[in-house]
Amino acid sequence: MNSLLDEGHLLPLAEDFYTIQGEGYHTGKAAYFIRLGGCDVGCAWCDSKFTWNPKLFPPVPVTEIIARAVKCAARAVVITGGEPLLYPLEILCKELKNKGMEIFLETSGSQPLSGEMDWICLSPKQNHPPLPEFYPLASELKVIITGPLDMEWAEFNRRKVGPQCHLYLQPEWSRREAVLPHIISYIKANPSWKISLQTHKYINIP
Ligand code: SF4
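FYI, my numbering numbers position 60 of the sequence shown as 53, with every residue one higher than the one before it.
Here is the structure:
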């Protein structure tokens, strides 16, 4: 890693775009998405596999990314990946805050936290579980459900988050028809959970 990347002045940008958040607590809100390249978690069903190899995404100055983000009407940014916490995010977050942007982070929690976030969406993965530090910080716990057995993983994580944390079960997109009935009946029996649907995929927006 070169020193500018190491310090967070440059980041391997996979894509950035203005859209409407489709899932989780902030569903329906317009936000500028900053998707960083690189992830070593390796979820078989990942819908962003193109981001896994960071070498495909040449480092971009943070100032360039922010200049584009602040042009949108919304004052909210979603930092996602890949796993965005593979990189130091202090500079990105500080500059976004200086521009008056709210920052929502999407993370597996598998890497140490960096940068000041307004909202942390923790989406834990069994093959690379979150670091313990994330559980009390999570604003939202979003567990991807591929089958009924994943409910145990959801409950394992729910026991670790704080009382303020919003709890979501989200069907894995390719198995949504099979798992939706299980999620619906589970939430009816365990109403502290809510359902999260990938609404952006239903309405064909990024
Ligand atoms: S953590 Fe996210 S980006 Fe990484 S493999 Fe899993 S779903 Fe894909």
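Built from N, CA and C at the ideal position, the CB exists for glycine as well. Computed from a predicted structure; not experimentally measured.
Have a look at 81, 85, 135, 93 and flag the residue whose alpha-carbon is nearest the alpha-carbon of residue 65. Residue 93 is the option with its Cα nearest to residue 65.
Opposing strand residues paired with residue 133 [DSSP bridges]: Answer is 114, 159, bridged to residue 133.
Three-pair Cβ contact test at 8 Å for the stretch 34 to 45 versus the stretch 83 to 92: The stretch 34 to 45, when compared against the stretch 83 to 92, does not touch it at the 8 Å Cβ threshold.
What are the boundary residues of the alpha helix (DSSP H) that includes residue 190? First-last for residue 190: undefined, no H or E at that position.
Tell me the residue span of the alpha helix (DSSP H) that contains residue 174. Under the DSSP assignment, residue 174 falls in the alpha helix (DSSP H) whose first and last residues are 169 to 182.
Quick one: residues in its chain with C-beta nearer than 6 Å to the C-beta of residue 127, no 5 flanking neighbours on either side, listed in chain order? When the five nearest sequence neighbours on each side are left out, the beta carbons in the same chain lying within less than 6 Å of the beta carbon of residue 127 are those of 102, 115, in order along the chain.
How is the beta strand (DSSP E) around residue 53 delimited, first residue to last? That run of the beta strand (DSSP E) goes 52 to 54.
Can you grab the Cα-Cα spacing for the pair residue 109 / residue 18, in whole Å? Here the C-alpha atom of residue 109 lies approximately 19 Å from the C-alpha atom of residue 18.
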